[in-house]
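Heads up: the sequence shown at position 30 corresponds to 44 in the working numbering, and the numbers run straight through without jumps.
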Amino acid sequence: YRGWLDTVTHHAGETAVVEPGVDGRRWTFRELGDAVEKRPVGDGGGIAFARWEMGREVEFLIEVLVAWREGAILCPLDTQGCPPKQIFGQEFPRSGIVHMKMTSGSTGDPKFVLFTAAQLKAEVENIVSTMSLERESPNVSAISLAHSDGMSNLD
């Protein structure tokens, strides 16, 4: 979340997100940051589910950022993802874990892969480097942001 706050500080007036659809509303980093800060403080430390679906992309991003702010373990789900109840009852180490990615389940039941903040940051840095992504060349997503590749490409 500290990295997000640095981004808001340094790029406040720049476009962060262009909403798909007819209106194509542009959100600046400041507007997105303000929307996150207006959300009430939760109990923190739990598991936060952010559900991505067409038409609520910005809401999904706000849910992700609120989870980071609250120190919750983020588990993004898309409309095809497993219901949250499947995670309860599973034992896993929580210390240092900030993110859970769900596998596709193409070879069996979906499984959760756990990440620390450092691992998530390294994954994003690797993608930025290997794909030669730059601020001058915006990344356009045609994939669910809850999908592992969508989340990592647009972090």
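Every residue gets a Cβ at the ideal spot worked out from N, C-alpha and C, and that includes glycine. These numbers were taken from a predicted model, which means no experiment stands behind them.
In the DSSP assignment, Thr-23 falls outside any beta strand (DSSP E) and lies within the alpha helix (DSSP H) extending over 16–25.
Taking the Cβ atoms as the reference, Met-114 lies roughly 6 Å from Leu-128, within the contact range of under 8 Å.
Between Val-50 and Arg-16, the gap from beta carbon to beta carbon reaches 8 Å or more. In the structure shown, Arg-40 adopts extended strand secondary structure according to DSSP, grouped into three states. Taking 8 Å as the cut-off, the Cβ atoms of Val-31 and Val-78 do not count as close. Here DSSP, grouped into helix, strand and coil, assigns Asp-92 to strand. Annotation: Trp-66 to Gly-119 spans about 18 Å, alpha carbon to alpha carbon. Bridge pairing for Met-114: Leu-128 [DSSP].
Rounded to whole angstroms, Gly-47 and Ser-109 show a C-alpha spacing of 27 Å.
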